[in-house]
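Here the structure comes first, spelled out in structure tokens, and everything after it is commentary.
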Amino acid sequence: MSIYDKMAALGIVLPEVVPSGHIAKENGKPWVGQLDLNVTTEQGIRAARGVAIDLLATLHVAIRLLNKIKRIVKLMVLVNSAPTFTEQHLVANGVSELLVEIFGANAWHARCAFGVAQIPFGACVEIDLIAEVAD
-1 MSIYDKMAAL GIVLPEVVPS GHIAKENGKP WVGQLDLNVT TEQGIRAARG VAIDLLATLH
59 VAIRLLNKIK RIVKLMVLVN SAPTFTEQHL VANGVSELLV EIFGANAWHA RCAFGVAQIP
119 FGACVEIDLI AEVAD
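Following this line, the structure appears as structure tokens:
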């Protein structure tokens, strides 16, 4: 099954790529908030999955065929967190688990998840991804 077939089976449609970082969005606008203040862990997980889909769209535009991805190398997940929030790793699971659903064993990656005081536009999650691409 191709990467695109797997995404279709998961109901994923790649969005239009916009020239900005990969922050959480809700209805096309930055998903503003802090985890443990006005965003729940479950919402943070959904936000991270949404960022993953945006990252896939950017990769698709850059390499034209997601099947060329040999592996996901590393993720850095920044979680806009209240000082009391300690579940950044669970938010990061949102993106990690989706990538494994799509790419299988090729998606096992190194990962770091940080709680930060602020993210551009006040977004709740921002993610950086490094992928290895076949020639």
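For what it's worth, the working numbering labels the leading residue of the sequence shown as -1, then goes sequentially. The C-beta atom is built at its ideal place from N, Cα and C for all residues, glycine as well. Since this is a predicted model, take the numbers as computed values, not measurements.
Which residues bound the alpha helix (DSSP H) around residue i?
i  : result
I1 : I1 to A7
Here's a check: name, in chain order, each residue in its chain whose Cβ is nearer than 8 Å to the Cβ of residue i, leaving out the five neighbours to either side.
i   : result
I61 : I67 and V131
R44 : G92
If you follow the beta strand (DSSP E) that residue i is in, where does it begin and where does it stop?
i    : result
G113 : A108 to V114
E130 : V123 to V131
Can you name, in chain order, every residue of its own chain whose Cβ lies under 6 Å from the Cβ of residue i, other than the five neighbours on each side?
i   : result
V30 : G120
Q86 : V77, A111 and G113
L96 : R47 and A50
To the nearest angstrom, how far is the alpha carbon of residue i from that of residue j?
i    : j    : result
H58  : T84  : 33 Å
K4   : I10  : 9 Å
E99  : N91  : 12 Å
Q118 : N104 : The residue asked about is misnamed: residue 118 is Pro in this sequence, not Gln. Looking at the two C-alpha atoms, the distance is approximately 30 Å.
E14  : P81  : 34 Å
L8   : F101 : 12 Å
In its own chain, which residues sit with a C-beta less than 7 Å from the C-beta of residue i, not counting the 5 before and 5 after it?
i    : result
Q116 : N78
I128 : V71 and K72
N65  : S0 and I1
L54  : L12 and L64
Looking at residue i: is its Cβ nearer than 8 Å to the Cβ of residue j?
i    : j   : result
E124 : G19 : yes
If we require 4 or more residues per run, which alpha helix (DSSP H) segments fall completely within the region 50 to 99?
If you keep only unbroken alpha helix (DSSP H) runs of at least 4 residues inside the region 50 to 99, you get nothing at all.
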